[in-house]
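Protein chains in written order, with my numbering: chain A, 1 to 567; chain B, 1001 to 1203; chain C, 2001 to 2377.
Worksheet for the structure shown next.
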Amino acid sequence: MAHGSTTTVPEDDFVITPTRPGEEKGTWSAVIQDLLFTVDHKKLGLMYIGSGLIFFVIAGLMAAAIRLQLAIPNAHFISPDVYNRFFTMHGTAMVFLVGMPIIFGMANYLVPIMIGARDMAFPRLNAFGFWMFFFSGWFLYFSYFAGPGLYNAGSAPDIGWFAYSPLTSKAFSRGHSSDYWTLALLASGVGSVATALNIIVTTISLRCKGMTLGRMPLFVWTFLVVAFLVILAIPPLSACQIMLILDRYLGAKFFDTQAGGSAILWQHFFWIFGHPEVYILILPGFAAMNEIVPVFSRKPIFGYPIMVGANVMIAFISLGVWAHHMFTVGMTSLGNSFFAISTMLVAVPTGIKIFNWIGTMYGGKIRFELPMLFCIAFLFQFLIAGLTGIMLSVAPFDWQLSDSYFVVAHFHYVLIGGLLFTIFAAIYFWYPKAFGRMLSHKLGMWHFVLFTLGFHLTFLPQHVSGFLGMPRRIYTYEAGRGWEAWNMMSSIGVIFQAAGILFFVWNLIYSYKKGKIAGDDPWDAWTLEWATTSPPPDYNFEKTPEVRSRRPLWDLKHPEDPDWKYE
Amino acid sequence: MDQFINQPVPFAEEERPWRPPSFRKVGMLTLITTESALFAIFVVAYVFYIGKSLNGPYPHEILHIPWTASFALFGSSATITFAEMALKKGNRSLFQIWWAITIAMGAYFLGFTAFEWHEFIFKEGLTISTNIFGSTFYSLVGLHASHVIVGLLLLSIILISSLRGKLDHGHHEHVEMIAWYWHFVDAVWVVVLTVVYLISAHY
Amino acid sequence: MIRRLLSPFFPTSQFPGAGKSCLSIFWAALALIAPAAVASADEPNRPIANMFDPLSTPARMIHESSLLVSLICLVIFLIVTGMLVYVVFKFPSKGAADDRKEPPQVYGSSQIELAWTVIPILITIVLILVTTRTIGEIQDRKIPNAALHVRVIGHQWWWELQYLTQNGVDKEGNPVWKTDFVTANELHIPVSDKNSVRPTELILESADVIHSYWVPQLNGKTDVVPNHTNHMWLDPWSTGTYFGNCAEYCGTQHANMLIRVMVQTPEDFAKWVANQKAPSVIPTDSVALQGQKDFFGNSCVNCHKVDGTVAVGTFGPNLTHFASRSWLGSGVALQNQADIRDWVRDPNHLKPGVLMPDMQLSEPQIDQITAYLMTLK
Chain A
1 MAHGSTTTVP EDDFVITPTR PGEEKGTWSA VIQDLLFTVD HKKLGLMYIG
51 SGLIFFVIAG LMAAAIRLQL AIPNAHFISP DVYNRFFTMH GTAMVFLVGM
101 PIIFGMANYL VPIMIGARDM AFPRLNAFGF WMFFFSGWFL YFSYFAGPGL
151 YNAGSAPDIG WFAYSPLTSK AFSRGHSSDY WTLALLASGV GSVATALNII
201 VTTISLRCKG MTLGRMPLFV WTFLVVAFLV ILAIPPLSAC QIMLILDRYL
251 GAKFFDTQAG GSAILWQHFF WIFGHPEVYI LILPGFAAMN EIVPVFSRKP
301 IFGYPIMVGA NVMIAFISLG VWAHHMFTVG MTSLGNSFFA ISTMLVAVPT
351 GIKIFNWIGT MYGGKIRFEL PMLFCIAFLF QFLIAGLTGI MLSVAPFDWQ
401 LSDSYFVVAH FHYVLIGGLL FTIFAAIYFW YPKAFGRMLS HKLGMWHFVL
451 FTLGFHLTFL PQHVSGFLGM PRRIYTYEAG RGWEAWNMMS SIGVIFQAAG
501 ILFFVWNLIY SYKKGKIAGD DPWDAWTLEW ATTSPPPDYN FEKTPEVRSR
551 RPLWDLKHPE DPDWKYE
Chain B
1001 MDQFINQPVP FAEEERPWRP PSFRKVGMLT LITTESALFA IFVVAYVFYI
1051 GKSLNGPYPH EILHIPWTAS FALFGSSATI TFAEMALKKG NRSLFQIWWA
1101 ITIAMGAYFL GFTAFEWHEF IFKEGLTIST NIFGSTFYSL VGLHASHVIV
1151 GLLLLSIILI SSLRGKLDHG HHEHVEMIAW YWHFVDAVWV VVLTVVYLIS
1201 AHY
Chain C
2001 MIRRLLSPFF PTSQFPGAGK SCLSIFWAAL ALIAPAAVAS ADEPNRPIAN
2051 MFDPLSTPAR MIHESSLLVS LICLVIFLIV TGMLVYVVFK FPSKGAADDR
2101 KEPPQVYGSS QIELAWTVIP ILITIVLILV TTRTIGEIQD RKIPNAALHV
2151 RVIGHQWWWE LQYLTQNGVD KEGNPVWKTD FVTANELHIP VSDKNSVRPT
2201 ELILESADVI HSYWVPQLNG KTDVVPNHTN HMWLDPWSTG TYFGNCAEYC
2251 GTQHANMLIR VMVQTPEDFA KWVANQKAPS VIPTDSVALQ GQKDFFGNSC
2301 VNCHKVDGTV AVGTFGPNLT HFASRSWLGS GVALQNQADI RDWVRDPNHL
2351 KPGVLMPDMQ LSEPQIDQIT AYLMTLK
């Protein structure tokens, strides 16, 4: 099945991207110019993912430093100032410089191909979105060198990734750390909205012939929903950040409690963004699951319409649950009850999806390749994450658990155990398409086993230290509180996670040149991206495809039993 | 798998032409949606803070309904529609006249805002840092005004293109999208007018 | 799974009495190793702030609803994990030969999907009912005006405590509070019982940024927010010193904004109150007297208050009965001479970033001021 042939276009006949003068193919200058000026969704997608992975390693090292400091009580590994900047930057970077770009990268690369289009609707806007993110990332990290400079931890933000006021006011945040946070995220927010707009327009307007909305791959559907959430949820963040800048520099009174302003208003605006944001982050994980699980179970996704409906419900309800991050702030019992109820409601469609994935595997012929292993681990871990989420939604329980390590454990189970594992699955699944070579199975297994072990070792004990009263964001803790053993376990897990990531990074690099040639369709899958070469040509498809069902390649491979008979 | 590359499956059942929605329309609608979310937060902040300023000047002391400016802005929505109708009929000069009137009315609105702010700052002593009313008022009205400025720039580009003979009826959708943006700016003014000048003016 | 893991560590009423007292001894032993000062036979230190061992009425109310949801989640976890394990083991591909034929392509099943939608909705309804009831029980509870009221004011990075008595009502019928005395960090309250005979109400405010008052065994946490007064109530059944933390990131020393709640018998509490209301001790020892002069002579008086003297500053903790407290710097060290000395010399050594500056005192001045502070019982 493996072959390396591509459909070639005679180069002097028809050239899409003419070589610029001085840009001889293959030189470093050519490569860099290409990346700087490209508007090709595939290249931009890979640049998004590559940058995201670089920031992942940097932010991960910060997490390692945090765990080192917390391994024993009263440690002096890093000072409180450095620690507070580390946890702020770790959180901010992981959400905005790792999560968002990687999911936008996935969308960028795959959405146009999966709908049979040649590129996104607005390619230059696409490039703009990428460079806004890229600039914002390095701008944020530049803050470490600003002010008193690197060894005094510079001017890096130390206000927590949600930057509550009035801690961020000029009075309590002298210096520019708040400003770096605000400006970097304003820039990246603009980029995110631009990309989301592109995804919406592309998905609605550029589908190939025959691909009705009901025939789109669930991956595309999920990203359509994600994009809508982005355009609705990022503006509240930008708005409150603008208000913060006005407060800090023009003396405005938005969050100035001495002038009658409300500190809680920031929290409302931030979480109106912040809660949909976490769904924006996890839904792409679902998107990858929706493509990978069916292929490795050899069956179509169980309940396509309900999966679409569940996504839409999740998105819709998630816009109305934000104040479950604020149960302790002193809202009325009516307010607390409302948000507890809405939060529990959003758990229903989310839970249904887990059942549907299991239903997809039921009666199938499961192939335990690496993408599938990560997906199975996802199911187990996301289940735990969802259940701890339900525990948190019970507002009185949340009065105990909020701002404790239980919450830290919960969201790391969602974001690492959920999102990151599906990102790994997606990379193992689609790397062959993007680079024409398979990732090494052996290295991948080392990655999988080490990382999964380390992940559970780090985050499972944190549920317990939360139960025992350990709050978040503390640079040290006193002995005798019963937290020592759990923290030590948690810190040891970092070693395994780091080892796993090393194997992963090595796998990416090694397989680029030495991986087994993949061919067009190494996994025997059914969506349109597998109908073109690996890697695809610039123009994606020689002829724009026409489809008649949700799985066009299944129809081609099984002409005696095509999908369109059943839909 | 060679035989599977790019083999179209015969298109379905009916011979309906395949016409997904226009990408320009979807793009502009998406932009309007996201901008609405942005405005909504500033409106919520404004409404939440009505009556909460600890010191004056207070809204009831200084706010007066901007009749002429509002009529100018609402009227410009009408004139832009007339311009579009003229373009559709192929009447280029009529299109240019109505379009220019639209720009002029928008510019008048902006001028009035500038005048009003000048009065507030120098006569009434209301700046963005004076009190909560100042902060929420200038940020909301200012956000709207910035969108008017962007709208006027877009309108001017269209007008100049037309005057240079570069605009033809193939661009009718581009013009329509700019008009949609302009209508959006107008609709936001309806909300701002109501919330600021009609409701909060009593506090 | 989590509860099974945790069961050896959690002495709850679910477990046999013998096991519980063994565990209590274990925790008490652990507490003795900890840097805990005040420990008497009937006021044990309780450094393990286990939320599953509630010792106060609101904490118990939370505990009941949390047990229910935890149990439900455990059951769901076991069932779904079971389903996952089942499909993984029952439906593996049996190799390349088997793979040549695809399994039956099932697209969905309305009945099954309906079932697994309806059942979660029913579970959700149960949780909603329990949750809203508990919220009302705790939040809307009216604490009588005659109960002890303490105003807790969060500062960066310590807790100001103002003990209040009622001074009539205002025109809307709400009580007007007058401050009896002011102390810092260590909240003393009288023990109540399960019939809520003697609850305490805390009025929560902040002087700067948002903090959060959390003593897990006594209640869930409530934030202290500037320009927004919150209330919470405690109703402890057991004497002892309860440990808690500030639970909202508030800047550099958020980690060391510790909370201690001393629940005492009514007699001990009355004694403590009487002492706090007493005028500040005038030192007799010459070193301490010199220390008092140093204290007034330096700018200590700008931030600290010692009732009945020229020290009237309110930015820092009230020091009138400083030496009656057990911990220093809101929990960062104990009130022994060495640590007090260290603090007076340079507070940043014990608590880097603290807002009290290095006062650049000479060694003799440090000795004298330490001696003075230790007389302020």
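In this text, a Cβ means the ideal position worked out from N, Cα and C, and glycines have one as well.
Residue of the options minimising C-alpha distance to residue i
i         : options                                       : result
Ser143/A  : Ile113/A, Met114/A, Thr168/A and Gly175/A     : Gly175/A
Leu528/A  : Ile113/A, Trp399/A and Leu68/A                : Ile113/A
Pro522/A  : Gln241/A, Gln267/A, Gly260/A and Gly436/A     : Gly436/A
Trp486/A  : Ala498/A, Thr476/A, Leu457/A and Trp221/A     : Leu457/A
Asp538/A  : Leu345/A, Asp247/A, Leu44/A and Leu183/A      : Leu44/A
Ala117/A  : Tyr566/A, Lys565/A, Gly515/A and Ala531/A     : Ala531/A
Lys1052/B : Gly330/A, Trp322/A, Thr257/A and Tyr431/A     : Thr257/A
Pro2279/C : Ser2109/C, Cys2246/C, Val2075/C and Asp2307/C : Asp2307/C
Ser2093/C : Asp403/A, Ser491/A, Lys299/A and Leu443/A     : Lys299/A
Residue i, enclosing beta strand (DSSP E) - first and last residue
i         : result
Phe2181/C : Pro2175 to Ala2184
Asp40/A   : From DSSP, Asp40/A is part of no beta strand (DSSP E); its letter is neither H nor E.
Val2224/C : Thr2222 to Val2224
Gln462/A  : Taken as a continuous stretch (DSSP letters only), Gln462/A belongs to no beta strand (DSSP E), being part of the alpha helix (DSSP H) at His441 to Phe467.
Under 7 Å from the C-beta of residue i: neighbouring residues of chain F
i        : result
Ile204/A : In summary, chain F is missing from the structure at hand, where the protein chains are A, B and C.
Where residue i meets chain A, residues with beta-carbon distance less than 7 Å
i         : result
Asp2140/C : Ser333
Glu2113/C : Gly303 and Ile306
Unbroken alpha helix (DSSP H) run spanning residue i, endpoints
i         : result
Arg2260/C : Per DSSP, Arg2260/C belongs to no alpha helix (DSSP H); it is in the beta strand (DSSP E), Leu2258 to Gln2264.
Phe368/A  : Where Phe368/A is concerned, there is no enclosing alpha helix (DSSP H), given that its DSSP letter is neither H nor E.
Ser402/A  : No alpha helix (DSSP H) holds Ser402/A; DSSP gives it neither H nor E.
Asn126/A  : Pro123 to Phe142
Asn2230/C : Here Asn2230/C belongs to no alpha helix (DSSP H); instead the beta strand (DSSP E) covers Asn2230 to Leu2234.
Ile492/A  : Glu484 to Lys514
Asn108/A  : Met100 to Met114
Cβ neighbour criterion (16 or more within 10 Å) applied to residue i
i         : result
Leu140/A  : buried
Gly2095/C : exposed
Pro217/A  : buried
Tyr304/A  : buried
Val407/A  : buried
Gly386/A  : buried
Gly2017/C : Any answer about Gly2017/C is weak, because its pLDDT of 38 lies below 50 and its placement is not dependable; what the coordinates show is given next. Exposed, by the Cβ-count rule.
Phe2089/C : exposed
Cβ-Cβ distance between residue i and residue j below 9 Å
i         : j         : result
Met438/A  : Ile517/A  : yes
His2254/C : Arg473/A  : yes
Pro166/A  : Asp2208/C : yes
Ile423/A  : Asn356/A  : no
Thr476/A  : Asn2256/C : yes
Leu2187/C : Ile2259/C : yes
Ser297/A  : Pro2103/C : yes
Lys253/A  : Ser1135/B : yes
Leu415/A  : Val295/A  : no
Leu2376/C : His2321/C : yes
Phe503/A  : Trp430/A  : no
Asn2050/C : Pro2216/C : yes
Phe421/A  : Phe368/A  : no
Contact list for residue i against chain A, beta-carbon separation under 8 Å
i         : result
Trp2412/C : Because residue 2412/C is not part of the residues shown, which for chain C are 2001 to 2377, the question remains open.
Within chain B, the residues that residue i reaches when beta carbons sit closer than 7 Å
i        : result
Gly260/A : Lys1052, Ser1053, Leu1054 and Ile1132
Residue i: contacting residues in chain A (beta-carbon distance under 9 Å)
i         : result
Ser1146/B : Near Ser1146/B there are no residues of chain A at all, since even the closest Cβ is about 11 Å away, more than 9 Å.
Residues that residue i contacts on chain C, provided the C-beta gap is smaller than 7 Å
i        : result
Thr476/A : Ala2255
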